[in-house]
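Please read the structure below before turning to the comments.
Protein chains: 2
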Amino acid sequence: MGSWKYEDKERDIVISSRIRLARNIKGMPFPILLPEHKARLLVDLIFNCLEKDESLGTEFTKIEVGRVGNNERRVLVEKHLTSPELGSNKCAAVFINKNEDISIMANEEDHVRIQCIQEGFQLHKTYEMANAVDDVLEKCVDFAYHEKYGYLTACPTNVGTGMRASVMLHLPSLTLNNQINTMIVTLAKFGLTIRGIYGEGTQALGDLYQISNQNTLGMTERELIENLHDVAREIIKKEREHRYEILNTNRIYLEDKIYRAFGVLSNARSINAEESMKLLSLVRLGSDLELIDQDIGTINDLMVNIQPGILSGIYGGDLTEIDRDRIRAEHIRKFLKSE
Amino acid sequence: MGSWKYEDKERDIVISSRIRLARNIKGMPFPILLPEHKARLLVDLIFNCLEKDESLGTEFTKIEVGRVGNNERRVLVEKHLTSPELGSNKCAAVFINKNEDISIMANEEDHVRIQCIQEGFQLHKTYEMANAVDDVLEKCVDFAYHEKYGYLTACPTNVGTGMRASVMLHLPSLTLNNQINTMIVTLAKFGLTIRGIYGEGTQALGDLYQISNQNTLGMTERELIENLHDVAREIIKKEREHRYEILNTNRIYLEDKIYRAFGVLSNARSINAEESMKLLSLVRLGSDLELIDQDIGTINDLMVNIQPGILSGIYGGDLTEIDRDRIRAEHIRKFLKSE
Numbered sequence: 000m001g002s003w004k005y006e007d008k009e010r011d012i013v014i015s016s017r018i019r020l021a022r023n024i025k026g027m028p029f030p031i032l033l034p035e036h037k038a039r040l041l042v043d044l045i046f047n048c049l050e051k052d053e054s055l056g057t058e059f060t061k062i063e064v065g066r067v068g069n070n071e072r073r074v075l076v077e078k079h080l081t082s083p084e085l086g087s088n089k090c091a092a093v094f095i096n097k098n099e100d101i102s103i104m105a106n107e108e109d110h111v112r113i114q115c116i117q118e119g120f121q122l123h124k125t126y127e128m129a130n131a132v133d134d135v136l137e138k139c140v141d142f143a144y145h146e147k148y149g150y151l152t153a154c155p156t157n158v159g160t161g162m163r164a165s166v167m168l169h170l171p172s173l174t175l176n177n178q179i180n181t182m183i184v185t186l187a188k189f190g191l192t193i194r195g196i197y198g199e200g201t202q203a204l205g206d207l208y209q210i211s212n213q214n215t216l217g218m219t220e221r222e223l224i225e226n227l228h229d230v231a232r233e234i235i236k237k238e239r240e241h242r243y244e245i246l247n248t249n250r251i252y253l254e255d256k257i258y259r260a261f262g263v264l265s266n267a268r269s270i271n272a273e274e275s276m277k278l279l280s281l282v283r284l285g286s287d288l289e290l291i292d293q294d295i296g297t298i299n300d301l302m303v304n305i306q307p308g309i310l311s312g313i314y315g316g317d318l319t320e321i322d323r324d325r326i327r328a329e330h331i332r333k334f335l336k337s338e
Numbered sequence: 000m001g002s003w004k005y006e007d008k009e010r011d012i013v014i015s016s017r018i019r020l021a022r023n024i025k026g027m028p029f030p031i032l033l034p035e036h037k038a039r040l041l042v043d044l045i046f047n048c049l050e051k052d053e054s055l056g057t058e059f060t061k062i063e064v065g066r067v068g069n070n071e072r073r074v075l076v077e078k079h080l081t082s083p084e085l086g087s088n089k090c091a092a093v094f095i096n097k098n099e100d101i102s103i104m105a106n107e108e109d110h111v112r113i114q115c116i117q118e119g120f121q122l123h124k125t126y127e128m129a130n131a132v133d134d135v136l137e138k139c140v141d142f143a144y145h146e147k148y149g150y151l152t153a154c155p156t157n158v159g160t161g162m163r164a165s166v167m168l169h170l171p172s173l174t175l176n177n178q179i180n181t182m183i184v185t186l187a188k189f190g191l192t193i194r195g196i197y198g199e200g201t202q203a204l205g206d207l208y209q210i211s212n213q214n215t216l217g218m219t220e221r222e223l224i225e226n227l228h229d230v231a232r233e234i235i236k237k238e239r240e241h242r243y244e245i246l247n248t249n250r251i252y253l254e255d256k257i258y259r260a261f262g263v264l265s266n267a268r269s270i271n272a273e274e275s276m277k278l279l280s281l282v283r284l285g286s287d288l289e290l291i292d293q294d295i296g297t298i299n300d301l302m303v304n305i306q307p308g309i310l311s312g313i314y315g316g317d318l319t320e321i322d323r324d325r326i327r328a329e330h331i332r333k334f335l336k337s338e
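As they're listed, the protein sequences go chains B and Y.
In case it helps, numbering that gives the first Met the number 0 puts the first sequence at residues 0 to 338.
In case it helps, numbering that gives the first Met the number 0 puts the second sequence at residues 0 to 338.
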């Protein structure tokens, strides 16, 4: 437990920590083969279970994903509360608590997917949360578990712990110095993988990367977390080294990049999400290095709130792309501090 | 004379008006064939003539171009006080008055080149100035003049009036709308030509263009000026039409371009002259259209003072390119108003 108490100290680089547990009900076909009425029953079963529980100390809202508008569905994905795939499944639902740090998907690839998220480097705490949710659900349902293989899942890659632990890291200097490709190779050796912020196959917007365990079998949850934790710590160290290297050898270059990014963000009248993320990443780096006086929390919020769905949600529903780009620029100008 | 009094009203588009008169001394070989001691005599002759004159109401400084440093020579060119070619000629000199609106080159391509420059659209006034200088010199020397061909010059393209009249125009909207190439063709029909700001073969930095008469023969000075004047007035009208067209049909696009330019200029920590000119051009356009609150005079000054030689001169001599780019960024930040 020794290292746990220091977890929280890496917020300059670690945006968030997440745990996902995949679970399936014993004796019930996987969602892809599940008849609709049984899928509905499953949603009710989970909801009732969460409703009567008091141990988690929080209430859950049920959202039936097939019944909400396109933008609301987009918002759920952008907030990482559901997966992009969930929307396409019949009877798919998600249960979300008030803080939006627990979400439980029903009828995704697996019957149940428990997701917990915390700001900063808090893998162990996040795991405890997910574990607590798992315990609550186990009071109501029997999860399919094989003595040798562990939890059974629709996709074999999740068999075992059914757990995916991940950290979202801000790696602008490793990106600037073209270190990401080398990192991919190294991470694979540790059974880890690196992705963009919206999961598999997505681009690394704003130099944000998710690093997570590839394997779910052959190690305990705690071992998997310790492994990810240790490797993430190495990456954080490397990112920091590269930051100071650029700062020491090429300060003007770095300052110029950061202030130009700030200049465009605080003056543009129209900007898309991709460019915003790229520039916010630089300002975030500048703030971390105390080269520019901007609040990291504000930058983190902006990185979330300028996403198309969330932004449209804030400013009243479906917007055209042109309007959204204009409103995004206004939104950023409102929240960035003038220098 | 009717239109003259309105000349001064176009400073949003006309940066400056210039007149150059090429003259050669009767019975003396052109500079390319002139022995050194005679070239020196010529310089003294012109200087004495200017020194004893009182009609121009200004004093002249003599600069022997071969004796000054590289940067000082560069500054003279950037300020349009000498031509880029003058530096390479032995015994080349320039006489400059205090306001720097009269400069007289000796031993350039011709024995004497009188140059006058005024801010804004003041071709006629500028011509009167050049004419007055011409009169002063004619009191001391006999200029080679042929009854049929007019003033004789080293290059046949200058024979006749020996005059090149030009206006420097800021044409960002015609540039944005890709109208410059069409304009080149039209101008040729009027015996006019269009160039970048440092003369033949130079790039149009900052959307600034020099328009001048191609022909010097077959028309009087006043006719040549009237022709340039009328065509320039048409171009000014077109530029203004295009400005309002972009403004009316695509205001956000234009505002975005202008404010991003301002954002970069007011935040960059390193910037070269070419990019500076491009961005200053947009801010100048924004100021003209009252989309941004920046002083046109300041922008005009910046467009001159960020040139490599002038900037180095202001900040103390020869600078490396890296230092110059850094100092240029500082200089621009100091003079631009924060929004």
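Just so you know, even glycine gets a beta-carbon here, dropped at the ideal spot from N, CA and C.
Since this is a predicted model, take the numbers as computed values, not measurements.
DSSP state of residue i mapped onto helix, strand, coil
i, result
"Y/L154", "Just to set this straight, residue 154 of chain Y is Cys in the shown sequence, not Leu. Looking at Y/C154 - three-state DSSP - the assignment turns out to be coil, as it is neither helix nor strand."
"B/Y314", "coil"
"Y/G1", "In this prediction, Y/G1 has a pLDDT of 40, which is less than 50 and means its spatial position is unreliable; nothing more can be read from the coordinates."
"B/R250", "helix"
"B/H79", "coil"
"Y/L207", "strand"
"B/M167", "strand"
"B/V111", "strand"
"B/D11", "coil"
"B/R268", "coil"
"B/L284", "helix"
"Y/L290", "coil"
"B/S172", "helix"
"B/I196", "coil"
"B/N88", "coil"
"Y/V263", "helix"
"B/G217", "coil"
"B/V230", "helix"
"B/G68", "coil"
"B/S275", "helix"
Residues bridged to residue i [DSSP beta-bridge criterion]
i, result
"Y/N96", "Y/F59"
"Y/Q117", "Y/S16"
"Y/F142", "Y/I24"
"B/N212", "B/L191"
"Y/M162", "Y/L20"
"Y/G149", "Y/H145"
Residue interval of the beta strand (DSSP E) (run including residue i)
i, result
"Y/Y126", "No beta strand (DSSP E) holds Y/Y126; the alpha helix (DSSP H) holding it covers L122 to E137."
Extent of the continuous alpha helix (DSSP H) run through residue i
i, result
"Y/M182", "I179 to K188"
"B/M104", "That residue, B/M104, is in no alpha helix (DSSP H); its beta strand (DSSP E) goes I101 to A105."
"Y/T348", "Chain Y is shown from 0 up to 338; residue 348 of chain Y falls before or after that span and cannot be answered."
"Y/C48", "E35 to K51"
"B/I326", "E320 to F334"
**OP:** Report the residues of the stretch 34-60 of chain Y with a CB closer than 8 Å to any CB of chain B, ordered along the chain.
**Re:** none
**OP:** Quick one: which residues of the stretch 264-293 of chain B get their C-beta closer than 7 Å to a C-beta of chain Y? List them in chain order.
**Re:** S265, N266, A267, R268 and S269
Original post:
Which residues, taken in chain order from the stretch 243-260 of chain Y, show a beta carbon closer than 7 Å to some beta carbon of chain A?
Top reply: Considering every chain present, this structure includes no chain A. Its protein chains are B and Y.
**OP:** Output, in sequence order along the chain, the residues in the stretch 312-326 of chain Y whose CB is closer than 8 Å to any CB in chain B.
**Re:** I321 and R325
Original post:
Along the stretch 146-175 of chain Y, what residues have a CB closer than 8 Å to any CB found in chain B?
Top reply: none
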